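Participant: Just so you know, the working numbering puts the end of the sequence shown at 345, numbered straight through with nothing missing. All residues carry an ideal CB built from backbone N, CA and C; glycine is no exception. Quantities reported herein were computed from a predicted structural model and do not represent experimental measurements.
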Amino acid sequence: MAPAQAPCSSIGPSVSRQQQQLQLHQQQLQLKPQLQQLQQQHHLQLQFQQLAQLAQGQPPAGGGTTPSMAQTQRDGKLLEVIERKRCLCKEIKAHRRPDKSLCKQDSMPILPSWRRTPEPRKTGTPPCQRPQAVVWDTAI
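(1) Would you kindly check if the distance between the Cβ of Gln233 and the Cβ of His300 is under 8 Å?
(2) Step through the CB atoms of chain B and report whether any lies within less than 8 Å of the CB of Leu234.
(3) Measure the alpha-carbon distance for Arg279 versus Lys290 and round it to whole angstroms.
(4) Run through DSSP, which three-state label would Arg326 get?
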């Protein structure tokens, strides 16, 4: 009787190990999209931090730079920051709405507002609203 129990006990742990590995694999598959999303968010946060540092950074102080040269450097840096922020915002919007691709958003024309314009106020007196009686003169 003892030899019959020994093979069962050796099979039991291997089956439970396989089940544990299967469960672990399923958990990994379930957590993979969340991990990817967190990695994307972290990447975007790092980019925003870099942009903030670029925007706050002063142009390098050189001894022979003229004011126009410093302004040109600052303007170029600001334009670069603005462009990077614009691209980053597009990326964020694309992640929030995956059904709308970036090309469709970019190619859409700017439509006029569909709101009705308020009608201009009418000036002048309104027509008389009281009832008027009609009298027939039948006398000849």
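Facilitator: On the basis of the supplied data:
(1) On the sequence shown, residue 300 is found 95 positions in, with the first residue counted as 1. On the sequence shown, residue 233 is found 28 positions in, with the first residue counted as 1. No, Cβ-Cβ distance for His300 and Gln233 is not below 8 Å.
(2) Absence of chain B from the displayed structure is noted, only one protein chain being present.
(3) The residue given as residue 279 occupies position 74 in the sequence shown. The residue given as residue 290 occupies position 85 in the sequence shown. Their Cα atoms are separated by approximately 16 Å.
(4) Taking the sequence shown and counting its residues from 1, one reaches residue 326 at position 121. Coil at Arg326, not helix or strand.
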